[in-house]
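Student:
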Amino acid sequence: MEVLDIIKPENQVFCKSQLMTDTPLSYCPGCGHGTANNLIMEVIDEMGISEDTIGVAPVGCSVLAYDFMNIDMTQAAHGRAPAVATAIVRTWPEKYVFTYQGDGDLAAIGTAETIHACNRGENMVIFFINNGIYGMTGGQMAPTTLEGMKSSTSPYGREIATMGSPLKITELIANLPGVYSVSRHALHTHKHVRKAKIAIRQAFENTRLKKGLSFIEILSNCNSGWKMTPNDANEWMVENMFPYFPLGDIKVEGKLKV
Amino acid sequence: MAKVRGAIVVNTQICKGCEVCVPVCQEKVIGISSDVNRKGYHYAYMKNPEACNGCTNCGTVCPDRAIAVYRVKVAT
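Residue numbers (full-length UniProt numbering), protein chains in the order written: chain H, 1 to 258; chain W, 1 to 76.
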């Protein structure tokens, strides 16, 4: 059988989601943001809730998410996406609301908004893309930068004595009683992508059942910020980030996993 | 026994040549072209089309969703 006989519309098993626009993604080659954007849109497409979903884009690399996601989107000031999402949820309680934030946005400048929105247990989904660095502005040190990790503002590596320890904001949020489910995922292999997709689906199902806030952290590479090739960055992430930020469920159905 | 044959179509203008799809392909189908697209990236292509079984691993990890996957059952 020739390859051209296989390539027919009836044999297609995978393609780009129709909820992603034709705008080329502005992310660097190999960046996990692209996979995360596509996964969220694929889940919304499968659930058939595209007309009832409102997303809030952050400031950072993913600031242009409203250009890529073909659903109702808005964009909040730096770190204020959970506050804007709270307003949307309270105005339209029947809508599916999600925020999509990076670690500079959620864990640094928006810590207060994040923690208070989580503590109130608003009925929404927060996607937290953690790459341990401020990617968009040139690789400065973020709260989640690992110990000894080089960035443009910590050229000799992060030093715990003067710069503090990396912030485990996901574990911090999991301890708040208002939060319904918390989990951490990665997107560097097909297995991890499929697991993350199941978790995203579960998060939106929680919103449908008005269970409260679902928080999904996604570990991503930042090959430009880390100054590596995409595959090297993925390997570096497995070796260095996974021990400090272990993958898996942290809180399921309102109960902490021990 | 039915055999599964697959094929991928890479949107060469969207592909950024990040090579993330290369290690996840168990059958080692995907290679990186020596040609470049409009943006100057070396795009992915089907180097070994006979081996592809349409598992969609490459598509799921592609950040730009530049890969469409086709699969067909072939009676042997």
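Each residue gets a CB set at the ideal place from its N, CA and C atoms; glycine is no exception.
As the structure is a computational prediction, the values presented were derived from the model and not from experiment.
1. Counting only beta-carbon atoms, is residue 27 (chain W) nearer than 9 Å to chain H?
2. Report the neighbours of residue 16 (chain H) on chain W: residues whose CB is nearer than 7 Å to its CB, in chain order.
3. Give me the chain H residues within the contact set of residue 16 (chain W), using Cβ-Cβ distance strictly less than 7 Å, ordered along the chain.
4. Alpha carbon to alpha carbon, what distance is there between residue 20 (chain H) and residue 92 (chain H)?
5. Does residue 183 (chain H) pass the burial test, meaning 16 or more other C-beta atoms within 10 Å, or should it be called exposed?
6. Taking residue 191 (chain H) as the reference, give the member of W:5, W:49, W:56 and W:46 with the closest Cα.
7. Looking at chain H, is there any beta carbon in it that lies within less than 9 Å of the beta carbon of residue 70 (chain W)?
8. Tell me which residues share the same chain as residue 62 (chain W) and place their Cβ nearer than 6 Å to its Cβ, disregarding the 5 neighbours each side in the sequence.
9. Mapping DSSP to helix, strand and coil, what is residue 250 (chain H)?
10. Of the choices H:138, H:164, H:153 and H:131, whose alpha-carbon is the least far from that of residue 147 (chain H)?
11. Just verifying my parser: in three-state terms, what is the DSSP assignment at residue 201 (chain H)?
12. What does a CB cutoff of less than 6 Å around residue 103 (chain H) pick up in its chain, not counting 5 residues either side in sequence?
13. Can you look up residue 112 (chain H) in the DSSP assignment and give me helix, strand or coil?
14. Where do the N-terminal and C-terminal ends of the alpha helix (DSSP H) with residue 25 (chain H) fall, by residue?
15. My guess is that residue 69 (chain W) and residue 6 (chain W) are in contact by the Cβ rule of under 8 Å, so how many angstroms apart are they, rounded?
16. Flag this pair as yes or no: are the beta carbons of residue 29 (chain W) and residue 3 (chain W) separated by less than 9 Å?
17. Using CA coordinates, which residue listed in H:76, H:53, H:111 and H:1 is at the minimum distance from residue 75 (chain W)?
18. Please list the segments of the alpha helix (DSSP H) lying wholly inside the stretch 74-138 of chain H, counting only runs of 4 or more residues, in order along the chain.
19. Spell out the partners DSSP gives residue 26 (chain W) in its beta bridges.
20. Would residue 57 (chain W) pass as an interface residue toward chain H - the criterion being a Cβ-Cβ separation below 9 Å?
21. In the stretch 62-95 of chain H, which residues sit with their C-beta less than 8 Å from some C-beta in chain W, listed in chain order?
22. According to DSSP, what are the bridge partners of residue 217 (chain H)?
23. Below 8 Å on the Cβ atoms is my contact criterion, and I expect residue 63 (chain H) with residue 75 (chain H) to pass it. Report the Cβ-Cβ distance as a whole number of Å.
24. Any beta carbon of chain W sitting closer than 9 Å to that of residue 201 (chain H)?
25. In the structure shown, what three-state DSSP assignment does residue 53 (chain H) receive?
26. Using the Cβ count rule (16 or more neighbours within 10 Å means buried), how would you classify residue 117 (chain H)?
27. Taking its Cβ as the centre, do 16 or more other Cβ atoms sit within 10 Å of residue 112 (chain H), making it buried, or is it exposed?
28. Would you say residue 219 (chain H) lies against chain W (beta-carbon separation less than 9 Å)?
29. With DSSP as the reference, label residue 5 (chain W) as helix, strand or coil.
30. Using a Cβ cut-off of 9 Å (strictly closer), state whether residue 54 (chain W) contacts chain H.
31. Judging by CA-CA distance, which residue of H:206, H:234, H:174 and H:230 is the nearest neighbour of residue 249 (chain H)?
32. Using CA atoms only, rank isn't needed, just tell me which of H:4, H:197, H:95 and H:245 is closest to residue 37 (chain H).
Tutor: So, from the data block:
1. no
2. 65
3. 29
4. 24 Å
5. buried
6. W:56
7. yes
8. 21
9. strand
10. H:164
11. helix
12. 130, 142 and 144
13. helix
14. Segment: none, residue 25 (chain H) is in no alpha helix (DSSP H) and carries neither H nor E.
15. 6 Å
16. no
17. H:1
18. 81-91 and 111-120
19. According to DSSP, residue 26 (chain W) bridges with nothing at all.
20. yes
21. none
22. H:128 and H:184
23. 7 Å
24. no
25. strand
26. buried
27. exposed
28. no
29. strand
30. yes
31. H:174
32. H:197
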